[in-house]
Amino acid sequence: MPLTNRQNYLRTITFGGPEWIPCRVHISSASRDQWGKELHAVAKHFPEFFPESDQNEESFVHPTFPPAHRKDEEFEDAWGCVWKSSINGIEGVVIKHPLADLSKMDQYTVPNPLVTADRGAANWDRARELVTSLRQRGEVTYGGVPHGFLFMRFTYLRGFENAMYDLIEEDPRALSLIDQIVEHNRVLVDQWLSMGVELIEFGEDLGTQTSSVISPTMLNKFFVPGYRSLIQPCRQAGCQVAFHSDGYIMDLIDSLIDCGVTIINPQDLCNGIDNLAQHVKGKVAIRLDIDRQKILPYGDRAEIFDLIAEEVRKLGSPEGGLELLAGIYPPTPPENVAALCEAMRKYRTFWWD
139 MPLTNRQNYL
149 RTITFGGPEW
159 IPCRVHISSA
169 SRDQWGKELH
179 AVAKHFPEFF
189 PESDQNEESF
199 VHPTFPPAHR
209 KDEEFEDAWG
219 CVWKSSINGI
229 EGVVIKHPLA
239 DLSKMDQYTV
249 PNPLVTADRG
259 AANWDRAREL
269 VTSLRQRGEV
279 TYGGVPHGFL
289 FMRFTYLRGF
299 ENAMYDLIEE
309 DPRALSLIDQ
319 IVEHNRVLVD
329 QWLSMGVELI
339 EFGEDLGTQT
349 SSVISPTMLN
359 KFFVPGYRSL
369 IQPCRQAGCQ
379 VAFHSDGYIM
389 DLIDSLIDCG
399 VTIINPQDLC
409 NGIDNLAQHV
419 KGKVAIRLDI
429 DRQKILPYGD
439 RAEIFDLIAE
449 EVRKLGSPEG
459 GLELLAGIYP
469 PTPPENVAAL
479 CEAMRKYRTF
489 WWD
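Our numbering applies: residue 139 is where the sequence shown begins, and numbers increase by one.
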């Protein structure tokens, strides 16, 4: 009897011998805005790589842009950070930092995550319903914290340059702020664990194109204790932990693994496929973020097939440990998304055919 999607996924991330490589494609609202009907046709032709909601043409023809993703519209989140985007469907940047002046710390209150989510009201009853629905459908149950949950949140509140000075000077007010952010996230983690989820997602962008944003020494000193305090309860509860970061993070991955991360989600080409094969393969599962800067948007069909084939051969194995995730952003044309799906369909059973 063939494995279910849930069984196959759990075998993949625990090196238990799956029957195929899990593959997913996420089409951004910006790409839906650019190529709506054409991308919907791709999603319908390759339904195994897209969520069920993407079979609905309306979400492609009339995409919605969530807060902080709307062109030229300023948005203030629950933390008091003001965001602005220059492209519909792409998350903007923080342009006003509520704690740029640390003297305001005495009057600042971290939002209550039981009441307020980052960009709207919290709805934990709805979250429990969704987890129950996943469980009833036989799918992997999961939860997560907002992207940019600790290091990035610190920079959002202080401003990047101020945050870097804080770490160098070890300003006690700034270190107290980091502790408060950790405590906020611990409430979120505890909520998800109370629902019995099987996987919790954490995400920060810790890398630039060629190096990490923060040194391993600084990460280990100021942020790894917080990461560990959030991740270890998940592991003690038997919950898998996925950690995403954009950018080059090869110098930081060992620290993340030491915290208890079981699935690492790095970008492929900026970290190097060979680097990932040599230093990460076999230690934890790799959720590989497929190149979105060069080959997917600008390459041809042969280049896309070659990339997927190389990644499967170098990072996959009969035991599992590899999943593929592709985010689609402008100017990626529909024909390249179709080629990606064809390549995934061809190579996802490479180790078992």
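Quick reminder that beta carbons are idealized off the backbone N, C-alpha and C, glycines included.
Excluding sequence positions up to five away, which residues of its chain have a Cβ less than 6 Å from the Cβ of residue i?
i, result
"S167", "P201, F203 and G227"
"R366", "C397"
"G465", "H164 and R430"
"I233", "V220 and K222"
"D304", "A312"
"E339", "G282 and A380"
"Y485", "I446, A447 and V450"
"M356", "L305"
Considering only their Cβ atoms, is the gap separating residue j from residue i smaller than 8 Å?
i, j, result
"C377", "L337", "yes"
"S393", "P354", "yes"
"G345", "F153", "no"
"Q370", "W262", "no"
"L426", "E449", "yes"
"G155", "P456", "yes"
"T142", "E461", "no"
"M493", "D343", "This structure leaves residue 493 out entirely; the chain is present only between 139 and 491."
"C219", "L272", "no"
"N409", "I387", "yes"
"H382", "N403", "yes"
"A238", "N300", "yes"
"M333", "R266", "yes"
Just tell me which of the options has its CA closest to the CA of residue i.
i, options, result
"K209", "R264, D171, L414 and D192", "D171"
"V320", "I411, Q274 and F360", "F360"
"H164", "L148, V253 and L463", "L463"
"D244", "R257, E211, Q318 and V269", "Q318"
"W173", "Y147, E480 and Y467", "Y467"
"C472", "I428, R149 and H183", "Per the sequence shown, the amino acid found at residue 472 is Pro instead of Cys. It is H183."
"E196", "R162, T346, V248 and A181", "A181"
"G341", "W217, M333, M302 and Q405", "Q405"
"A255", "H235, L272, V475 and H285", "H285"
"L414", "V335, L390 and Y436", "L390"
"A477", "Y485, R439 and F488", "R439"
"G364", "V422, P140 and N323", "N323"
"Y436", "P469, L407 and G276", "P469"
"P251", "W217, V231, E339 and A380", "W217"
"I395", "A375, L407 and V362", "V362"
"E176", "I352, D491 and N474", "N474"
"C372", "L331, R486 and S169", "L331"
I believe residue i touches residue j by the beta-carbon criterion, under 8 Å. Please report the beta-carbon distance rounded to the nearest angstrom.
i, j, result
"F292", "I316", "6 Å"
"K222", "E212", "5 Å"
"G454", "I159", "6 Å"
"I424", "V418", "6 Å"
"I442", "A481", "6 Å"
"Q431", "G385", "Going by Cβ atoms, the distance from Q431 to G385 rounds to 11 Å, so no, they are not a contact pair."
"W490", "E157", "6 Å"
Return the first residue and the last residue of the beta strand (DSSP E) that residue i is part of.
i, result
"L426", "A423 to D427"
"C161", "C161 to I165"
"W262", "First-last for W262: W262 to Q274, but that is the alpha helix (DSSP H), not the beta strand (DSSP E)."
"H382", "Q378 to H382"
"F188", "No beta strand (DSSP E) holds F188; DSSP gives it neither H nor E."
"A464", "L460 to I466"
"V278", "V278 -> no beta strand (DSSP E), and no H or E assigned at all."
"L407", "No beta strand (DSSP E) holds L407; the alpha helix (DSSP H) holding it covers D406 to N409."
"I228", "Run containing I228: none; DSSP gives neither H nor E here."
"I338", "L337 to G341"
Alpha helix (DSSP H) containing residue i: first to last residue?
i, result
"Y365", "V362 to Q374"
"Y294", "F289 to R296"
"Q145", "N143 to I151"
"F443", "R439 to L453"
"V475", "P472 to Y485"
"N403", "Not the alpha helix (DSSP H): N403 falls in the beta strand (DSSP E), residues I401 to N403."
"F198", "E196 to V199"
"E321", "P310 to S332"
Spatial neighbours of residue i within its chain, please: C-beta separation below 7 Å, excluding the five flanking residues on both sides.
i, result
"V253", "A260"
"P185", "Q193"
"R311", "L240 and M243"
"F187", "C161, R162, V163, C479 and M482"
"R144", "G276, E277 and V278"
"T400", "I151, Q378, V379, V422 and A423"
"H235", "C219, Y294, L295, R296 and G297"
"V199", "G174 and K175"
Say the cut is 7 Å; is the CB of residue i nearer than that to a heavy atom of the ligand PLP?
i, result
"M482", "Of ligands this structure carries none, so the ligand PLP is not represented either."
Suppose the cutoff is 8 Å on Cβ atoms and the five residues either side in sequence are ignored; what does the same chain contact list for residue i look like?
i, result
"V335", "V269, T279, Y280, G281 and C377"
"D215", "P205, A206, W221, D256 and R257"
"R91", "Residue 91 cannot be examined here, being either before or after the span of the chain that is shown, 139 to 491."
"S496", "Given a span of 139 to 491 for the chain in the structure shown, any question on residue 496 remains unanswerable."
"S169", "L177, G227, I466, Y467, P468 and T470"
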